[in-house]
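Using my numbering, read the sequence shown as starting at 2 and increasing by one per residue.
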Amino acid sequence: MQAGRTAEASAALVDVHQAINSMSDYGYSLWETIVGPTNQFAASALCSNVEEFFSGAPMHDNVDGAALGSKAADVNTLVDGPADDSLWNIVHVLGDWSSVPNILSDVVSKVPMDQMAPTVEATVEFAEYMHGLAGTPVTVCTSFWGTGPSVRMYWGYESMGDWDERSTRGMGDPGFHQRNAALAALPGVEMAARSGVFRRLV
């Protein structure tokens with residue numbers, strides 16, 4: 002988003018995502034960066050049927066296209082570049098994800114094609130260890146579409162205090178650093194190429 006217009010962008014994005022959710026079954030969540038690059042927002046949705054998702058079928062019959070288009074146009078006046086779109090496959094889930102967390106952290110690693118299998122294996126082992134240590138819900142995902150070969154971990158929290166307590170407990174454990182070192186030792190893997198903490202707005 003354009004620098005200096007974060008509050009305006011936040012309000013416009015909340016408005017358009019609430020409108021989309023009220024007119025469809027997409028169930029988008031909207032996220033604002035707390036830790037990481039400033040003036041950035043992200044939208045996410047769980048997609049169980051790719052063809053249906055991209056066909057527009059989840060839109061309701063009574064959708065007000067003019068109103069929705071006007072809200073989207075308001076957002077477009079505030080962006081400073083194209084959206085970075087991607088599609089992720091969930092490969093491993095730990096903990097309770099029955100509701101969308103209030104706080105989300107993620108870590109994305111860029112991976113050479115010939116290292117995807119060992120990286121996924123090591124990331125799943127890392128996630129299981131950390132979940133056992135701190136109890137944090139975690140999801141491991143992989144992607145090739147829109148990102149290049151990548152492995153991602155999502156961690157869910159109730160609040161920033163919950164994030165602080167659980168992440169501090171985890172990062173203070175020697176096993177955390179040992180497993181990070183093992184991942185970093187895989188040839189060509191760019192560990193934590195991107196990471197951040199996000200607050201859910203919708």
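Ideal Cβ placement from N, Cα and C applies to all residues, glycine included.
Computed from a prediction, not measured in an experiment: that's the story for all the values here.
The alpha-carbon separation between valine 141 and valine 152 amounts to approximately 7 Å. With 16 or more other Cβ atoms inside 10 Å of its own Cβ, leucine 31 counts as buried. With respect to tryptophan 164, valine 139 sits apart: the two C-beta atoms are not nearer than 7 Å. Contact check for arginine 180 against alanine 135 fails: the beta carbons are separated by 7 Å or more.
Secondary structure note for alanine 46: it is in no beta strand (DSSP E), with a DSSP letter that is neither H nor E. With fewer than 16 other beta carbons inside 10 angstroms of its own, isoleucine 91 counts as exposed. Here phenylalanine 127 has Arg180, Leu184 as same chain residues with Cβ atoms under 7 Å from its own Cβ, once five neighbours each way along the sequence are excluded. Nearest Cα to alanine 84 within the set Phe145, Met2, Met117: Met2. By the neighbour-count criterion, in which 16 or more other beta carbons inside 10 Å mark a residue as buried, alanine 10 falls on the buried side.
Within the segment 67 to 128, there are no complete alpha helix (DSSP H) runs of at least 4 residues. The Cβ atoms of valine 109 and threonine 120 do not sit closer than 7 Å to each other. DSSP lists Ala44 as the bridge partner or partners of leucine 31.
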